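Structure, as structure tokens:
Protein chains in written order, with our numbering: chain A, 1 to 252; chain B, 1001 to 1558.
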């Protein structure tokens, strides 16, 4: 059967396949070279991130639409979010992204302890972000600002009664704050879900990094995970201004 | 088989000397686990083949029940709400569990690595995972069915699905949500494989058109499916917690749901049809013994369909109160999609011209495809024009239109492909005479079923009702009679293909004298596909190259 292959001369073929790479135990047999395997992996990761953009895209579209329709409600509701916590969280997430980037570099230069340290820092910062987020969610729960049947608009129709310096909204517009809070919970919730999944993968990476799996030239998992983690950062960098800062516009 | 082609100038190899290879991917390992844990793309393709066939016959059973109910004007077989559950299940199963995964899951999985000269897809584990995810989604769909069904129609239209029904909407929505991830994984795998795993010499314009069309379909899967996922999650949340995103009472907009849903579900029809077009290109070229006419145009038309396909979704919403100006634009864009589709049909026709045509079963199915898809496509242009659409939308005209495209197109292509590559997948030939009978039966049954529905729709019969005025009975009876013939036509391949697994003639490596790399290795292929990675040193569809090569190696037929 071999002769029926579309090959010309087996000798030529082997010459073409020779390469300077050291063969790694992680090299899967169906890839010709380690380089091809690494490229395929990171290309696949980029495609996956593309699907993630489309996944969040639907919600960004909804945000765009409803913000245009119910701008006053969006402004008032947005003012109920804590810009301080939001800003701190942004810093926390950017720092964790920075640590992750250092981690990739550490893996590439094969410094095991630095890699482990960086992965652990990334994890801790991720946990810090989620704890702060939990605090924010809990506050909204106590104020009945979680959309659904228990949603309470009295803070927006009668802000003075809560000691808030806002113009009261007419009831029908106040009702629309629910749309804002729904989008807030859906978007930050999806973001948090991605972080929780990310933290799970980080724990797995830490245990492998401690074993020294990524200290011998095989860095693909660290590299690809870093892409994912940076993607989560970037999503947050869009969510933060859209949700927290929409009233910090020069016009207002 | 040799009698069928004996009097043509084409000399197919003498198969009486063909032998099965001693070791191939099917007998390489034994036991259930060796299948359930396999990472071999060929075995995963067979897993997909079994499961999509299973779901096809379940979906088909619901089609049968629908047609049986419509035999008489009164809702006398089942009550109206049961009928609603029937057509919902028929739609969900046929679209998400059959048409979307059928050709990519079975033929794409099996053939893409073979056609580009690779040992496997780029991510074999993700490939297996995609099958498990598909099965999980399928099982949940069946769960929704067993628990009592769902009656939203496959479109999950809000506010019907979120406010007015108490059937298992959430279960069904989650089932489709999960199934979506299977197609995302498949899409990613195909794109990366086609980009990164091509053998030396396999440039983009030496790739068989099957690969171009799968590439385009994969782009749609990767870009469209996540939007459907978001939409279904929002529907489930709206139903569970009343969050209000699609609820006008709370400031939401049901039309937003339509935009999001059709942003996926219109490209989804191209996910279903594009891989089929790839199959047709391969079959037409092989049985005309000619390079595909206008190869580059056909290749780019796949990409053009994928591109335009994303900008026509609003034509599903012309009567839903969208702005007239945007309706105009979307109407124009809809008609533009017809251009690349027509390019394909014309190029296949020119490929046939002066070709050495033979009429094996896959070719018959492809002729069926070309005729039926043309009718389906042109009626699509009717529906894309605004005035006609307002008259015809939500009538049986639409039902007939998309069945011509999806069944007459997608399913015909699937059967063409299954027959064409059956010798490669199993190492054995299907019986030629009875399979020709099946192809002709399917064609006749199909036309008898769906041509009357064009008339019914034009006369104004709305879709999705269990009852209809008595004057429409004659056409409905014709349609039901056609469905019976059609059902018979689909049962036949199931029987004789199963029969051929044990009793079929041994095929040999290249029974059709086709040029693709997949035909230059043993049938069934060995687990590692190629013992030496091939070098693509000739153009695609180069029949002279094949003739020269075969001349040199007379000894290796089996």
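Beta carbons are placed, not taken as given, at the ideal position from N, Cα and C, and that holds for glycine.
Here the structure is a predicted model, which is why all the values come from computation and not from measurement.
Proximal chain A residues relative to residue i, where beta-carbon distance stays under 7 Å
i	result
residue 1195 (chain B)	43
residue 1229 (chain B)	55
residue 1252 (chain B)	179
residue 1106 (chain B)	Under the 7 Å cutoff, chain A gives no residues; its nearest Cβ is about 20 Å from residue 1106 (chain B).
residue 1344 (chain B)	Result: empty, since nearest Cβ-Cβ is about 26 Å, beyond 7 Å.
residue 1014 (chain B)	Per Cβ cutoff of 7 Å: no residues; residue 1014 (chain B) is ~16 Å from chain A at best.
residue 1192 (chain B)	40, 43, 44, 47
Candidates the options: closest to residue i by CA position
i	options	result
residue 1152 (chain B)	B:1016, B:1146, B:1200, B:1092	B:1092
residue 1102 (chain B)	B:1021, B:1121, B:1274	B:1274
residue 1201 (chain B)	B:1166, B:1185, B:1173, B:1117	B:1117
residue 1406 (chain B)	B:1377, B:1433, B:1386, B:1395	B:1377
residue 1276 (chain B)	B:1414, B:1251, B:1284	B:1414
residue 1070 (chain B)	B:1545, B:1477, B:1498, B:1142	B:1477
residue 166 (chain A)	A:103, A:173, A:175, A:156	A:156
residue 244 (chain A)	A:209, A:148, A:96, A:185	A:185
residue 1114 (chain B)	B:1421, B:1445, B:1459	B:1421
residue 1214 (chain B)	B:1299, B:1518, B:1126, B:1072	B:1299
residue 104 (chain A)	A:240, A:225, A:85, A:150	A:225
residue 34 (chain A)	B:1100, B:1122, B:1111, B:1019	B:1122
residue 1410 (chain B)	B:1452, B:1365, B:1399, B:1440	B:1365
residue 1148 (chain B)	B:1343, B:1084, B:1389	B:1084
residue 1529 (chain B)	B:1013, B:1109, B:1054	B:1109
residue 40 (chain A)	B:1503, B:1196, B:1022, B:1097	B:1196
residue 1162 (chain B)	B:1090, B:1239, B:1174	B:1239
Limits of the unbroken alpha helix (DSSP H) element including residue i
i	result
residue 1168 (chain B)	Unbroken run through residue 1168 (chain B): none, as it is neither H nor E.
residue 189 (chain A)	177-211
residue 1512 (chain B)	Careful: residue 1512 (chain B) lies outside any alpha helix (DSSP H) and carries neither H nor E.
residue 1485 (chain B)	1473-1503
residue 1541 (chain B)	Where residue 1541 (chain B) is concerned, there is no enclosing alpha helix (DSSP H), given that its DSSP letter is neither H nor E.
residue 69 (chain A)	34-69
residue 1091 (chain B)	1080-1092
residue 108 (chain A)	83-108
residue 241 (chain A)	220-244
residue 1123 (chain B)	Premise fails: residue 1123 (chain B) is in no alpha helix (DSSP H) and is neither H nor E.
residue 1059 (chain B)	1041-1069
residue 139 (chain A)	112-142
residue 1406 (chain B)	Taken as a continuous stretch (DSSP letters only), residue 1406 (chain B) belongs to no alpha helix (DSSP H), as it is neither H nor E.
residue 1346 (chain B)	1324-1352
residue 1288 (chain B)	1254-1288
residue 1302 (chain B)	1295-1309
Paired residues, beta bridge with residue i - DSSP
i	result
residue 1375 (chain B)	Residue 1375 (chain B) pairs with nothing; no bridge assigned.
residue 1462 (chain B)	B:1395
residue 1243 (chain B)	Bridge partners of residue 1243 (chain B): none, in fact.
residue 1506 (chain B)	B:1428
The ligand ATP heavy atom lying under 7 Å from the CB of residue i
i	result
residue 200 (chain A)	Of ligands this structure carries none, so the ligand ATP is not represented either.
9 Å Cβ cut-off: residues of chain A touching residue i
i	result
residue 1226 (chain B)	50, 51, 52, 53, 54, 55, 56, 57, 58
residue 1124 (chain B)	28, 30
residue 1119 (chain B)	29, 30, 31, 32
residue 1222 (chain B)	47, 48, 50, 51, 54
Neighbour list for residue i in chain B, Cβ cutoff strictly below 9 Å
i	result
residue 144 (chain A)	Simply none; closest approach about 14 Å.
residue 247 (chain A)	Per Cβ cutoff of 9 Å: no residues; residue 247 (chain A) is ~19 Å from chain B at best.
residue 149 (chain A)	1241, 1242
residue 70 (chain A)	1251
residue 140 (chain A)	Chain B residues near residue 140 (chain A): none, gap ~14 Å exceeds 9 Å.
Chain A contact residues for residue i, given Cβ-Cβ distances below 8 Å
i	result
residue 1188 (chain B)	44, 47, 48, 51
residue 1033 (chain B)	By Cβ distance, chain A contributes nothing, its closest Cβ being about 20 Å from residue 1033 (chain B), past 8 Å.
Chain B contact residues for residue i, given Cβ-Cβ distances below 7 Å
i	result
residue 156 (chain A)	Those within 7 Å of residue 156 (chain A) in chain B number zero; the least Cβ separation is about 13 Å.
residue 182 (chain A)	1243, 1244, 1245
residue 176 (chain A)	1251
residue 62 (chain A)	1245, 1256
Listed by chain order, chain B residues near residue i by CB distance under 8 Å
i	result
residue 65 (chain A)	1253, 1256
CB contact below 8 Å: residue i versus chain C
i	result
residue 1260 (chain B)	The chain labelled as chain C is not found among the protein chains of the depicted structure, namely A and B.
Handout entry: Any 3 or more C-beta pairs closer than 8 Å across the stretch 189-207 of chain A and the stretch 105-114 of chain A
Key = no
Problem - the stretch 1250-1262 of chain B in contact with the stretch 1196-1213 of chain B per 3-pair CB rule at 8 Å - result: Segments in contact, no.
Problem - Meets three-Cβ-pair contact criterion under 8 Å: the stretch 1349-1357 of chain B and the stretch 1389-1397 of chain B - result: No: the two stretches stay apart, fewer than three of their Cβ pairs being nearer than 8 Å.
Exercise for the section: Pair every Cβ in the stretch 158-173 of chain A with every Cβ in the stretch 1213-1232 of chain B, then say whether three or more of these pairs are closer than 8 Å. Expected result: no
Practice task
Indicate whether the contact test is met: 3 or more Cβ pairs, each with one atom in the stretch 1126-1137 of chain B and one in the stretch 1168-1178 of chain B, closer than 8 Å.
Solution key: In short, these stretches touch, since the Cβ pair count reaches three.
Practice task
Give a yes or no on contact between the stretch 93-101 of chain A and the stretch 226-233 of chain A, applying the rule of three or more CB pairs nearer than 8 Å.
Solution key: yes
Handout entry: Touch test, the stretch 1502-1511 of chain B against the stretch 1425-1434 of chain B, Cβ-Cβ under 8 Å, three pairs minimum
Key = yes
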